[in-house]
DNA sequence: CAGATATTTGGCTATATGGCCAAATGCGGC
DNA sequence: GCCGCATTTGGCCATATAGCCAAATATCTG
């Protein structure tokens, strides 16, 4: 595996990693309905505003979200709606699943 | 957000998280071409066999891969090929990108 | 059973992540 | 300029990840 291939994998992993957190999935789903400001998004989440802000920054840095300041608020919106397609695949994975070694099955 | 919604997000995040690593993306891509045993997969990666084994276990636990022992070898295969669709979206994200705050820009 | 090969697991360390609080920054109004 | 609201950032701690090596486990062969 050459450096270019490695770089390509790193870049892809960075984007996927940005999606790899329940709170961030929630934010993405919430933004699918349209732009929202940070405070509004925070009310849907059980976490500090600062935490939500950081999650939003992760998604923005990955190129998944964009934001724009309007007045004192900053509105985030989904820049790459294709990520919503991930969910369909995941349902498929879980359906195929049925009895894999989930290991943390209590 | 109720417990059910939280659980749904957790489950989804678990699957995406399994994909959120360059080496694991490499493994998934390699397996797109057909099943492979651990040693074969390891030769394509700059890492210890034990490390690759653990990565494969992560993907298997997420339901993305399945494996089957044949003789002394264990063959892994892609159980949920839909994850390959992630890549297309990621290219789209990167294309939309062009000049976001990558933040780690030296 | 002993030996060889393939894979996984235990143990350990280093680094990355996620969370909170408190403080800083940005913007608008008085 | 000072105050208030919205958001981000710094600092800190706890936990999770990823990696390696060494040891354990599994299968086949003689």
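Protein chains in written order, with our numbering: chain A, 1 to 106; chain B, 107 to 212.
Cβ atoms here follow ideal geometry from the backbone N, Cα and C, with glycine treated the same way.
Since the structure is predicted, the reported quantities are computational estimates derived from the model, not experimental observations.
Through-space distance from residue j to residue i, alpha-carbon basis
| i | j | result |
| --- | --- | --- |
| residue 13 of chain A | residue 28 of chain A | 18 angstroms |
| residue 47 of chain A | residue 6 of chain A | 35 angstroms |
| residue 81 of chain A | residue 195 of chain B | 9 angstroms |
| residue 157 of chain B | residue 129 of chain B | 10 angstroms |
| residue 124 of chain B | residue 19 of chain A | 11 angstroms |
| residue 74 of chain A | residue 174 of chain B | 51 angstroms |
| residue 183 of chain B | residue 59 of chain A | 31 angstroms |
| residue 199 of chain B | residue 40 of chain A | 25 angstroms |
| residue 107 of chain B | residue 114 of chain B | 11 angstroms |
| residue 87 of chain A | residue 31 of chain A | 14 angstroms |
| residue 121 of chain B | residue 155 of chain B | 23 angstroms |
| residue 109 of chain B | residue 45 of chain A | 12 angstroms |
| residue 163 of chain B | residue 63 of chain A | 29 angstroms |
| residue 172 of chain B | residue 66 of chain A | 37 angstroms |
| residue 208 of chain B | residue 201 of chain B | Because the pLDDT of residue 208 of chain B is 44, which lies under 50, any placement of that residue in the model is unreliable, and the number read from its coordinates should be weighed accordingly. Near 14 angstroms, if we compare the C-alpha coordinates of residue 201 of chain B and residue 208 of chain B. |
| residue 91 of chain A | residue 197 of chain B | 22 angstroms |
Beta-carbon neighbours of residue i, restricted to chain A and to distances below 7 angstroms
| i | result |
| --- | --- |
| residue 191 of chain B | 85 and 89 |
| residue 119 of chain B | 20, 21, 22 and 25 |
Residue i - containing beta strand (DSSP E), residue span
| i | result |
| --- | --- |
| residue 162 of chain B | First-last for residue 162 of chain B: 155-167, but that is the alpha helix (DSSP H), not the beta strand (DSSP E). |
| residue 68 of chain A | 65-70 |
Closest residue to residue i among the options (Cα-Cα distance)
| i | options | result |
| --- | --- | --- |
| residue 61 of chain A | B:124, B:166, B:203 and B:123 | B:203 |
| residue 144 of chain B | B:190, B:198 and B:177 | B:177 |
| residue 148 of chain B | B:140, B:159 and B:122 | B:159 |
| residue 35 of chain A | A:79, A:91 and A:92 | A:79 |
| residue 139 of chain B | B:201, B:190 and B:197 | B:190 |
| residue 26 of chain A | B:171, B:172 and B:116 | B:116 |
| residue 127 of chain B | B:110, B:150, B:172 and B:161 | B:161 |
Chain A contact residues for residue i, given Cβ-Cβ distances below 9 angstroms
| i | result |
| --- | --- |
| residue 150 of chain B | 1 |
Endpoints, the alpha helix (DSSP H) within which residue i is located
| i | result |
| --- | --- |
| residue 78 of chain A | Here residue 78 of chain A belongs to no alpha helix (DSSP H); instead the beta strand (DSSP E) covers 73-78. |
| residue 97 of chain A | 85-97 |
Partner residues on chain A for residue i, Cβ-Cβ distance less than 8 angstroms
| i | result |
| --- | --- |
| residue 161 of chain B | Result: empty, since nearest Cβ-Cβ is about 12 angstroms, beyond 8 angstroms. |
| residue 188 of chain B | 88, 89, 92 and 93 |
Residues that residue i contacts on chain B, provided the C-beta gap is smaller than 9 angstroms
| i | result |
| --- | --- |
| residue 52 of chain A | Here the premise fails: no neighbours, minimum Cβ distance about 13 angstroms. |
Under 7 angstroms from the C-beta of residue i: neighbouring residues of chain B
| i | result |
| --- | --- |
| residue 97 of chain A | 169 |
Every unbroken alpha helix (DSSP H) within the region 19-45 of chain A, with a cutoff of 4 residues, ordered by chain: 22-32 and 38-43
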